[in-house]
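In full-length UniProt numbering, the protein residues as written are 1 to 247.
Cβ coordinates follow ideal geometry from the N, Cα and C atoms, glycine included.
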């Protein structure tokens, strides 16, 4: 894992980050507010055995991952076994998640989801444990901007396509375009080099619409089933379902 991807405890601006792996993330984006936005009646499993498997991409120190597991437990039938895997590219945050959250139904792995080889091994092995080919739901809270800034338009499209390929339901909280500019400004103010790809991006402006177009496009073939009101920090949560998955 690159040293650049470790939590930067010494950064003079706590809002400056290249990858979004903030050490104090939950102070500004509270877990309760995230869970409050989620509807109660869209979660289901197509698996004949009563198992429900979730993936939380960009899980940070795991607080939200645990809350999502509990939320699913509370909103699915009591006889369904719910398990969630949280992944993050930062080894320090993953170690904190493992130490802080001892739950046999929730696992944490250090993984850069954009690294194909590592992703396929870790994700594939996890799904095999439960005799499943896909997750029932994948959560992507406030990570699309970081992938977009570091991997460009093609990287964002590829990420969303890879997510959709591996799940029946996808939950995305996209950052707004103004957040991109703020991230760039904070990085430069901290003395770091700007995101090299930021001025090459063509997918700008209404990021909710861009993401919806990709996920509901011909390649992914999902349908939007929910878009929430804004949360306390001004973002919506989008929920998409594989087109052939019926309630």
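{"Check": "Unbroken beta strand (DSSP E) run spanning residue 231, endpoints", "Outcome": "Residue 231 -> no beta strand (DSSP E), and no H or E assigned at all."}
{"Check": "According to DSSP, residues forming a beta bridge with residue 170", "Outcome": "138, 240"}
{"Check": "C-alpha distance - residue 243 paired with residue 102, whole-angstrom precision", "Outcome": "36 Å"}
{"Check": "Environment of residue 193 [buried if 16+ CB atoms lie within 10 Å]", "Outcome": "exposed"}
{"Check": "Of the residues 184, 71, 33, the one placed nearest residue 137, counting alpha carbons only", "Outcome": "71"}
{"Check": "Beta-carbon gap between residue 19 and residue 146 smaller than 8 Å", "Outcome": "yes"}
{"Check": "Nearest neighbour of residue 23, chosen from 211, 74, 92 [CA to CA]", "Outcome": "92"}
{"Check": "Cα-Cα separation, residue 34 to residue 89", "Outcome": "21 Å"}
{"Check": "Residue 49, buried or exposed, once every other Cβ within 10 Å from all chains shown has been counted against 16", "Outcome": "exposed"}
{"Check": "DSSP three-state assignment for residue 153, whether helix, strand or coil", "Outcome": "helix"}
{"Check": "Residue 163 and residue 180 closer than 8 Å at C-beta", "Outcome": "no"}
{"Check": "Close-in-space but distant-in-sequence residues of the same chain around residue 25 (CB under 8 Å, 5 per side omitted)", "Outcome": "60, 61"}
{"Check": "C-beta contact flag for residue 169 and residue 239 at 8 Å", "Outcome": "yes"}
{"Check": "Rounded separation between residue 37 and residue 28 - CA only", "Outcome": "16 Å"}
{"Check": "Bounding residues of the beta strand (DSSP E) (the contiguous stretch that carries residue 180)", "Outcome": "Residue 180 -> not in any beta strand (DSSP E); alpha helix (DSSP H) instead, spanning 177-189."}
{"Check": "Sub-8 Å separation of residue 248 and residue 153 beta-carbons", "Outcome": "Residue 248 lies beyond the residue range present for the chain, which begins at 1 and ends at 247; the question has no answer from this structure."}
{"Check": "Through-space distance from residue 21 to residue 6, alpha-carbon basis", "Outcome": "Unreliable positioning characterises residue 6 in this predicted model, as indicated by a pLDDT of 46, which lies under 50. The coordinate reading is nonetheless provided below. About 8 Å."}
{"Check": "Close-in-space but distant-in-sequence residues of the same chain around residue 167 (CB under 8 Å, 5 per side omitted)", "Outcome": "55, 134, 135, 136, 137, 138, 242"}
{"Check": "Every unbroken alpha helix (DSSP H) inside the stretch 191-215 [4 residues or more]", "Outcome": "207-215"}
{"Check": "Secondary structure of residue 53, DSSP reduced to three states", "Outcome": "strand"}
{"Check": "Cα-Cα separation, residue 105 to residue 83", "Outcome": "5 Å"}
{"Check": "Nearest-angstrom beta carbon gap, residue 190 and residue 16 [assumed within contact, 8 Å]", "Outcome": "4 Å"}
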